Every structure is written in C-alpha cells, then in structure tokens.
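Undergrad: Just dropping this structure here.
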Amino acid sequence: MVESTAERRRVLSGIQPSGQLHLGNYFAMMKRMIEFQAHNELFCFIVNYHALTTVQDGKTLRQGTVDAAMDFLALGLDPEQSIFWVQSDVPEVTELTWILSCVTSMGLLERCHSYKDKIARGLIPTHGLFAYPVLMAADILLYQAHLIPVGKDQKQHVEVTRDIAERFNNVFGDTFVLPEPAIDPDVAVVPGLDGQKMSKSYGNTIEIFSDEKVLRKKVMGIVTDPTPVEAPKDPDKCTVFALYRLFATPDELADLDRRYRAGGMGYAVAKEMLFEKIRTYFAPYRQRRLELAAQRDAVEQLLARGAEKARAIARPTLRKARRKTGLEYVRS
Ligand code: ADP
Ligand code: TRP
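Laid out in structure tokens, this is it:
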C-alpha cells in the first residue's frame, strides 16, 4: 500500500512471543507492518503481557520475547523509522487496562470468539485470558492509533476496542481515537499443514526461520487429498497451492494452476516448488537473523530506546484519561 506523507497515519500492531513465528504471522502482520513503516508512524511491539496468559515459564517467555524481536528486525523492521518495543517496558498500559475495564461490559467480553476457542481447547479460564481484549484495547488506545494491521482472527478484538473507546468517550468526553482493523483479504487466513488456520497453538505451522531440513519435512507433510497423479486437481482446494500463491509471481501461479487442472502432476512436485520458494524467499533474512542472534545486548538496548519513545506518547494519553475520570484529583 502506498500512502502520501500528507496522510501519515498511526499504524500499530503487536505479536505475542508465544512460540516461533510462522508464515501466517509473517504475511498477515509482520510483512505488512514493515511495508507500512516508510509512509506512516509505525508502532510495533512484542506483547509479552498477553503471552503471559499462556506461556507460564519465565525462561521461555524471556527467550521468546528476544527471539520475536530479532525475527522482526531481521525481516526489515527499522527501529529508527518506527517505534519498536516490548509491551511490559511501558507498564502504563496496565493502568489504562483497569480504567477501561470499568467501562467494559461482561457481555462484550463473553462474546469474544478467541476466548471461547481457547477454553474449548482446554486452556484454564483465567481472568487474564478473559480480560485479554481489554489489555489489547489499552494497547491500541494508549497510542491513539488509527490503523491496526492484523489477520482475520483479530478483527473482533479491534471491534471490541472501538466499542470500549466509544463507551469511554460517551461517559467521560472525547478522549480516544477510534481505530480500524486493516485486514488484507489475500492473507486474512493463511492455512497450516493440516488446512486449518496456521497457528502456534494448533501445531500446524511453517516457521519463518526453521532450518532447511525441518522446512522440507514440513512442506512434504502438508496434507493433500488422495487424487491420483494422473487425475486433474483443483488448485482452489489445495493448501500447497494456497501457500505457493503467497510467494509466486502471477505468471508462476497461472502456470501451476494449469498444471493442476491438466492432471499428470503429483502433489509432491508442487510441494517441491513450494519448498524452493520458501527457502529462497527467506534466505537473505536468515543471514541477518544469525548476526542478530550474536548481538543480544544491542537488541536489548534498541528495545529500551523504543520503550522510551513509546512511553513519551503513552504518558500524556494516560494523564488525559486520569484527568477525565477524576483519578487525578489535585485541581491545579
Ligand atoms: P498464533 O495464532 O499463531 O498464536 P498470534 O495470535 O500471535 O498467532 O497472531 C499474531 C498476528 O498474526 C495476528 O495479527 C494474527 O491475526 C496473525 N495471524 C496468525 N496466524 C494467522 C494465519 N494463519 N492467517 C492470518 N493471520 C494470522
Ligand atoms: N491479540 C493479538 C494476537 O493475538 C496481539 C495484540 C496484542 C495486538 N495487542 C495488540 C494486535 C494491539 C494489534 C494491536 O495476535
């Protein structure tokens, strides 16, 4: 997307450090954030308070946080052109979460699919898991962001954020910008190895930085239907094709589409082509990722500087909310 500088908007999104980042994260969120940075005010952060709802081991959360930051940097996020930080380095967000909680109805949260899905998968229904969307609303409203690039699964959370902001503005007077989700329909739901939505929690991911052997094994393991080699195949029903689409040029895609429909080509051939695409696409980033892994101190410093920048924007918003609600009681 190309924006003129005249319409520079605040674009904000976060990612949980709850496992290795994968193609769904990359195409729906990370790649788009990196593209947005040239023409917008970009706010990008690693949401470790959110991850604490599911990652409950200190060492794992610590390492996951730094790994996610390194992944983002390796893929092209520029900490000079954007504000890039770790959520818990700006603890003001937790105070705003409480303030917003007081205008958030239980019914609004009870309707959230993500909470219901997590409970259905056997996660313990903690208060943190239930209140997750309020923390996300605080993340967005604290920085007065306009546009929120996410995958389709997060659309409802951005809508909940709008509802909370509207409610607060009605009760206490105009305070928060109402954000909008930015969902790219071409990558709204990236399928995983089993054809369901690719997700860290479904164990069906293709990681961005997995080593070549693992990558090959995963691609070869993508579930396909039992159509025999010689028979024509429907590309629109095939996960291999759906993933190939993310990397191929229009001509390459049209060519593979023709080969599917003509018959005579087995899925293994398409898988081999997909493997090669993923491997070559991420090869240049892999080197940078290795370099960053050896510079943990520098990455930590860069995140600390990012948190300072984020805090400078967060504090005045929080002060405004404290004034409007009467929490700041001194009159001068
Ligand atoms: P996961 O489901 O793997 O835990 P997250 O919840 O951390 O992923 O998602 C981070 C971002 O990536 C969100 O914006 C989410 O919408 C997006 N995302 C994750 N998986 C997919 C997918 N399979 N297709 C499209 N977007 C996705
Ligand atoms: N809930 C988002 C997810 O699971 C992550 C997130 C937290 C987020 N805060 C955010 C996304 C603010 C966009 C804006 O993927």
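So the sequence shown is numbered by the numbering used here: it starts at 63 and just counts up by one.
All residues carry an ideal CB built from backbone N, CA and C; glycine is no exception.
Just so we're clear, the structure is a prediction, and the values are computed from it rather than from any experiment.
Could you tell me which of 167, 177 and 144 sits nearest to residue 367, measuring between CA atoms?
TA: 144
Undergrad: If you draw a straight line from the C-alpha of residue 217 to the C-alpha of residue 247, how long is it?
TA: 12 angstroms
Undergrad: How should residue 370 be labelled, buried or exposed, when 16 other C-beta atoms within 10 angstroms of its C-beta is the threshold for buried?
TA: exposed
Undergrad: Whole angstroms are fine: how far does the CA of residue 254 sit from the CA of residue 284?
TA: Between residue 284 and residue 254, the C-alpha separation is close to 8 angstroms.
Undergrad: Where are the alpha helix (DSSP H) runs, 4 residues long or more, that stay fully inside the segment 306-333, in chain order?
TA: 312-324
Undergrad: In terms of residue numbering, what span does the alpha helix (DSSP H) encompassing residue 356 cover?
TA: Taken as a continuous stretch (DSSP letters only), residue 356 belongs to no alpha helix (DSSP H), as it is neither H nor E.
Undergrad: Who are the Cβ neighbours of residue 198 in its own chain at under 6 angstroms, not counting the five residues just before and after it?
TA: 219
Undergrad: Short check: CB of residue 397 to CB of residue 240, under 7 angstroms?
TA: This structure gives no information on residue 397, because the portion of the chain shown stretches from 63 to 394.
Undergrad: Is the distance from the Cβ of residue 148 to the Cβ of residue 127 below 7 angstroms?
TA: yes
Undergrad: Cα separation between residue 264 and residue 181?
TA: 14 angstroms
Undergrad: For a test of your reading of the model: does the CB of residue 261 fall under 6 angstroms from any non-hydrogen atom of the ligand ADP? Yes or no.
TA: yes
Undergrad: Taking its Cβ as the centre, do 16 or more other Cβ atoms sit within 10 Å of residue 323, making it buried, or is it exposed?
TA: exposed
Undergrad: Starting from the N-terminal side, write out each stretch of the alpha helix (DSSP H) that is 4 residues or longer and does not extend beyond the segment 268-293.
TA: 274-282
Undergrad: Roughly how many whole angstroms lie between the Cα atoms of residue 132 and residue 355?
TA: 7 angstroms
Undergrad: What are the boundary residues of the beta strand (DSSP E) that residue 184 is part of?
TA: Here residue 184 belongs to no beta strand (DSSP E), and DSSP marks it neither H nor E.
Undergrad: Tell me whether residue 210 sits in a helix, a strand or coil according to DSSP, three-state version.
TA: strand
Undergrad: Taking Cβ positions, are residue 372 and residue 73 nearer each other than 7 angstroms?
TA: no
Undergrad: In the DSSP assignment, find the unbroken alpha helix (DSSP H) run with residue 163 in it and report its ends.
TA: 154-163
Undergrad: Would the beta-carbon of residue 213 be found less than 6 angstroms away from any heavy atom of the ligand ADP?
TA: yes
Undergrad: Enumerate, from N- to C-terminal direction, the unbroken alpha helix (DSSP H) stretches of 4 or more residues contained entirely within the segment 111-144.
TA: 120-136
Undergrad: Indicate whether residue 288 and residue 325 have their beta-carbon atoms separated by less than 7 angstroms.
TA: Result no, Cβ atoms of residue 288 and residue 325 do not sit closer than 7 angstroms.
Undergrad: Can you tell me whether residue 226 is helix, strand or coil according to DSSP?
TA: Assigned with DSSP and collapsed to three states, residue 226 falls in helix.
Undergrad: Hey, residue 310 and residue 280 are a contact pair by Cβ (cut 8 angstroms); roughly how many whole angstroms apart?
TA: Contact doesn't hold; Cβ gap of about 19 angstroms is too wide.
Undergrad: Take the Cβ of residue 112 as the centre, count every other Cβ of all protein chains shown within 10 Å, and call the residue buried at 16 or more, exposed below.
TA: buried
Undergrad: Going by DSSP in three states, residue 70 sits in which element: helix, strand or coil?
TA: coil
Undergrad: My output table needs one value for residue 295: the three-state DSSP class, helix, strand or coil.
TA: coil
Undergrad: Label residue 159 either buried or exposed according to how many other C-beta atoms from any shown protein chain fall within 10 Å of its C-beta, with 16 as the threshold for buried.
TA: buried
Undergrad: Since I believe residue 225 is in contact with residue 170 (beta carbons under 8 angstroms), could you give me their beta-carbon distance rounded to a whole number of angstroms?
TA: 6 angstroms
Undergrad: Quick one: does the C-beta of residue 375 sit closer than 6 angstroms to a heavy atom of the ligand ADP?
TA: no
Undergrad: Note down the Cα distance separating residue 196 from residue 166, rounded to an integer number of angstroms.
TA: 8 angstroms
Undergrad: By DSSP, does residue 63 sit in helix, in strand, or in coil?
TA: Low confidence applies to residue 63: its pLDDT is 44, below 50, so where it sits in the model is not reliable, and the reading given next is rough at best. It is coil, neither helix nor strand.
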